[in-house]
Amino acid sequence: MLLAPSRTRGREQTKGKEVGENSEVTGNQLYGSGTIRRSPLLDFMEEHYEIIAPAPITGPFRIENSLWAAEPMFAMCDPSIREVTTQWAAQGGKNLLSEGYISYTVLHNPGNVLFYGQTDEDAEMFATSRALKRAKSIPVLESVWPDSKGAKKNNQVHLGHLALEFLGINKSNARGKSAPHVICDEKHLPQWKGMGTIIKKRCSAFWDHKILNISTAGEEGSEIDLDFLRGSQEDWHLGCPACQRLVRLNWSQETQTIVWESKLSQDGSKNIREIRKTVRFKCPFEDCNCEERDSTPLRKEMNRLGGYVCDNPDAATDHRSFHVSQIAYPWVAWEAMAEEWILASEQAKSGDLSNLKTFVIETMGHTWQRRVSTSSTAHVTGGYQIVDMVFSWELEKERFATVDVQERGGRHFWVCVRAWGGGGVSRLVSAYRCESWDEVEKRIEENGVKAKRVGVDSRHATEEVKEMCAKKEWHYMVADMTRTEYEWKKPGAVAVKRPYKRSSWHDVFVRDDGRKVRRYAHGIIFSKEWARGVLSNRIAGTGTEWGLPEDVGQLVFRGTAKIESSYMAQLNSWVEKEVEIKKTGEKALQWVQINTDDHFRACEEMQLVLAAISGFFPSELTGNRKGD
Ligand SMILES: [Zn+2]
């Protein structure tokens with residue numbers, strides 16, 4: 012077994028003081044001072060590979076810039092290893108590993124290579140724009156490259172001694188092909204579910220096969236998560252520059268390695284600029300606790316003192332899995348990481364966990380543990396009542412009314428009024444069932460909601476809703492079931508992503524004194540999935556106050572479906588449940604409707620959209636950043 016005990020050790024040894032007391036296990040002796048294990052792949056890369064823009068460091072490939080890549084390369088060349096998994100944070104050089112392995116195989120390690128990407132198009136794109144382009148430019152490979160057009164397609168190349176093929180992952184591609192070298196790209200994606208087993212069966216016919224799983228992290232239960240857990244779980248540690256011990260790169264646990272001071276602006280909000288000035292490394296060992304400000308030379312030195320620590324010494328000896336977080340990458344500033352974390356945490360207070368998820372997966376390279384609320388019951392914040400009194404709340408800055416229009420059982424309307432304050436705090440003011448537009452208008456007026464603060468769902472009676480919105484200056488709202496984000500781009504600026512589309516005006520004809528007049532209605536399209544997720548988190552009590560009055564139980568109405576329908580029953584009408592997918596027999600989390608009347612839930616989702624648009628909480632999404 013090549014997992015030599017002197018180089019990798021169990022989890023318990025990095026916790027507490029044993030590590031410090033035992034001078035044998037300092038980082039220095041593991042990987043420091045050029046003691047990384049070199050491999051033929053590493054030699055090949057240093058000899059032939061040029062890193063081109065837009066990579067953070069360009070020029071000839073030098074392992075000193077990314078020392079965490081040496082051991083995975085060693086494992087890729089080790090004949091006793093069948094599977095190598097890298098679950099790395101974004102921008103760590105994953106594509107370079109795939110490209111390098113392909114070129115190296117062509118030159119030194121003959122055998123067909125299969126590369127599986129997200130789709131056929133993605134795989135082909137990787138082939139033409141990266142892997143093949145690179146391989147062709149390496150002088151030593153010139154002699155093996157075919158001249159005839161017939162030997163080359165965009166997604167496959169037949170060389171004299173082997174073939175390279177680039178395919179999208181799906182059942183027929185996985186079943187129909189086999190090769191001794193298989194590269195599985197971005198295995199966190201859902202289309203990979205169950206494919207790993209098929210691929211393994213297909214290539215186990217080659218006694219010396221090699222499967223490389225190269226990916227960012229994903230959600231709990233994703234293929235990359237399972238691959239990583241099955242493997243040796245080797246975690247890249249940095250070496251403390253003072254005591255030279257290996258430090259686990261925790262972000263927000265008791266032994267946090269990157270720390271900062273909390274600085275507030277005059278208005279009480281977080282002063283990111285001042286906070287950034289205080290971000291630094293702090294050695295978690297109490298007898299050291301040295302503190303260092305970020306710099307490229309420091310980060311290089313800490314990597315030089317760093318090394319992998321094996322968290323799963325009982326894993327099968329032929330599968331090694333590696334994790335590294337951006338804390339180690341010299342080209343990602345700790346300040347920027349701290350800022351990303353602080354903003355994501357602020358956003359999480361409003362129930363929107365999307366940026367936190369991006370941080371965990373892409374910045375830390377960790378698996379995202381989905382938070383399924385154990386109860387489906389919204390909690391009542393209390394502290395106020397709505398019956399027999401005029402609602403007033405010192406934190407209120409704005410109030411919105413949202414309307415759900417129903418056709419079934421005769422035209423009727425569900426109206427929800429909610430007050431919003433800074434930081435995304437909010438309280439339900441009241442909720443109604445109305446029988447006519449006149450009644451809707453009356454409720455909106457008596458609650459003091461301004462025209463431009465009203466949103467109406469336009470799924471039912473669409474034309475009529477648009478006409479009303481044009482007349483009254485309300486917004487009609489469309490819940491988009493297919494998208495999770497929309498790009499917002501100003502000329503010359505970097506595009507940002509938001510969970511709602513740039514709003515737009517539509518002309519509609521309005522009947523006015525028997526004549527048809529052209530007017531404009533303002534429409535807002537938003538991601539249903541985003542709204543549903545954020546509402547669910549708020550119901551579960553995540554973040555700042557999302558208030559329901561103590562007497563919310565008195566909000567009971569004639570239902571659309573049932574004789575009686577309360578606000579609370581409607582709020583709890585959808586839950587996230589683990590269900591079995593009939594086709595595959597696998598279990599997955601899905602939204603399940605448990606009450607037919609869910610209109611107030613729709614109203615509350617629209618409230619979140621209006622509040623986000625009005626800036627009551629941040630809703631810019633950082634997801635889908637380019638990997639590497
Ligand atoms: Zn130290």
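Here our numbering is used: the first residue of the sequence shown is 12, the next is one more, and so on.
Idealized CB from N, CA, C, for every residue including glycine.
Own chain partners of residue i with C-beta closer than 6 Å, once the 5 adjacent residues on each side are dropped
i, result
"GLU407", "ALA430 and GLY432"
"SER109", "ILE194 and ILE225"
"LEU621", "PHE411 and GLY466"
"GLU616", "ALA542 and LEU546"
"ALA86", "ILE92, VAL95 and ARG331"
"GLY242", "THR96, ALA326, HIS330, ARG331 and SER332"
"ASN323", "SER243 and GLN244"
"ARG310", "PRO341"
"CYS214", "SER189, VAL193 and HIS220"
"THR37", "Interpretation of THR37 is limited by its pLDDT of 39, a score under 50 that renders its predicted location unreliable; no figure is taken from the coordinates."
"GLN618", "PHE411, THR413 and ARG429"
Spatial neighbours of residue i in its chain, beta-carbon cut-off 8 Å, leaving aside the 5 residues before and after
i, result
"GLU35", "Because GLU35 carries a pLDDT of 38, less than 50, the predicted location of this residue cannot be relied on, and the following value inherits that uncertainty. Cβ neighbours of GLU35 beyond the five flanking positions: none."
"TRP499", "ALA506, VAL507, LYS508, ARG509 and ARG513"
"THR227", "GLN98, TRP99, ALA100, ALA101, LYS105, GLU197, HIS199, ILE235, ILE372, GLU373, GLY376 and GLY638"
"SER356", "LEU367"
"ILE605", "SER387, ASN583, SER584, TRP585 and VAL586"
"HIS119", "PRO51 and PHE55"
Buried or exposed (CB count within 10 angstroms, at least 16 for buried), residue i
i, result
"LEU632", "buried"
"ASN300", "exposed"
"THR374", "buried"
"THR46", "exposed"
"ARG543", "buried"
"TRP516", "exposed"
"SER50", "buried"
"TRP379", "buried"
"ARG569", "exposed"
"GLY27", "Because GLY27 sits at a pLDDT of 33, beneath the cut-off of 50, its placement in the model cannot be relied upon, and the following sentence gives the value as read from the coordinates. GLY27 comes out exposed."
"PRO502", "exposed"
"LYS477", "buried"
"VAL258", "buried"
"ASP518", "exposed"
"GLU75", "exposed"
"LEU237", "buried"
"GLU457", "exposed"
"THR385", "Residue placement at THR385 cannot be trusted, given a pLDDT of 39 that sits under 50; what the coordinates show is reported in the next sentence. Under this definition THR385 is an exposed residue."
"GLU82", "buried"
"ASP278", "exposed"
"GLN267", "exposed"
"ASP524", "exposed"
"ILE592", "exposed"
"LEU53", "buried"
"ARG438", "buried"
"ASP449", "exposed"
"ILE269", "buried"
"ALA349", "buried"
Anticipated Cβ contact below 8 Å, residue i with residue j, distance rounded
i, j, result
"LEU342", "ILE68", "Note that residue 342 is Trp in the sequence shown, not Leu. About 6 Å; that satisfies the 8 Å criterion."
"SER91", "LEU152", "Not really, about 27 Å apart at Cβ, beyond 8 Å."
"SER547", "ASP491", "Not really, about 18 Å apart at Cβ, beyond 8 Å."
"SER179", "THR130", "Here the sequence assigns Gly to residue 179, which means Ser is not the residue at that position. Sure, about 4 Å apart at Cβ, within 8 Å."
"HIS533", "CYS614", "Wrong, their Cβ atoms sit about 18 Å apart, outside the cutoff."
"LYS463", "GLU484", "6 Å"
"VAL124", "VAL155", "Not quite, the Cβ-Cβ distance comes to about 13 Å (not below 8 Å), so this is no contact."
"GLY128", "LYS360", "That belief does not hold up - the Cβ atoms of GLY128 and LYS360 are roughly 37 Å apart, past 8 Å."
"ASN314", "LEU107", "Contact flag wrong, Cβ pair sits at about 16 Å."
"PHE370", "TRP345", "That belief does not hold up - the Cβ atoms of PHE370 and TRP345 are roughly 13 Å apart, past 8 Å."
Contact test: residue i Cβ vs ligand 3 heavy atom, cutoff 7 Å
i, result
"PHE292", "With respect to ligand 3, the structure offers nothing, as its ligand set consists of ligand 1."
7 Å CB neighbourhood of residue i in its chain, flanking five on each side removed
i, result
"SER630", "ASP363, ARG509, PRO510 and ALA623"
"GLY420", "THR571"
"THR139", "ASN165"
"GLU312", "PRO252"
Between the region 553-564 and the region 515-533, do three or more beta carbon pairs fall short of 8 Å? no
Contiguous beta strand (DSSP E) assignments of at least 3 residues, all confined to the region 168-234: Contiguous beta strand (DSSP E) elements confined to the region 168-234 occur at 174-179, 192-196 and 221-226, taking only those with 3 or more residues.
Fully enclosed by the region 508-565, which beta strand (DSSP E) runs are 3 residues long or longer? 515-523 and 526-538
Three or more beta-carbon pairs under 8 Å between the region 216-223 and the region 82-98, yes or no? Flag = yes, the region 216-223 and the region 82-98 touch.
Using 8 Å as the Cβ pair cut-off and three pairs as the minimum, do the region 335-343 and the region 182-199 touch? no
Examine the Cβ distances between the region 165-174 and the region 134-141 and report whether three or more of them are shorter than 8 Å. Three or more beta-carbon pairs separated by less than 8 Å link the region 165-174 to the region 134-141, which places the two stretches in contact.
Between the region 300-317 and the region 250-269, do at least 3 Cβ pairs fall closer than 8 Å? The region 300-317 vs the region 250-269: in contact.
Hey, which unbroken runs of the beta strand (DSSP E) at 3 residues or more fall wholly within the region 97-172? 124-128 and 167-169
Output the residue ranges of the beta strand (DSSP E) runs that lie fully inside the region 303-341 and measure 3 residues or longer, sorted by chain position. 318-321 and 330-335
Count Cβ pairs between the region 410-428 and the region 459-475 that sit closer than 8 Å; are there 3 or more? With the cut-off at 8 Å, the region 410-428 and the region 459-475 touch.
Is the region 180-190 close to the region 55-64, with three or more CB pairs under 8 Å? no
Which runs of the beta strand (DSSP E) spanning at least 3 residues fall entirely within the region 398-443, listed in chain order? 409-417 and 423-431
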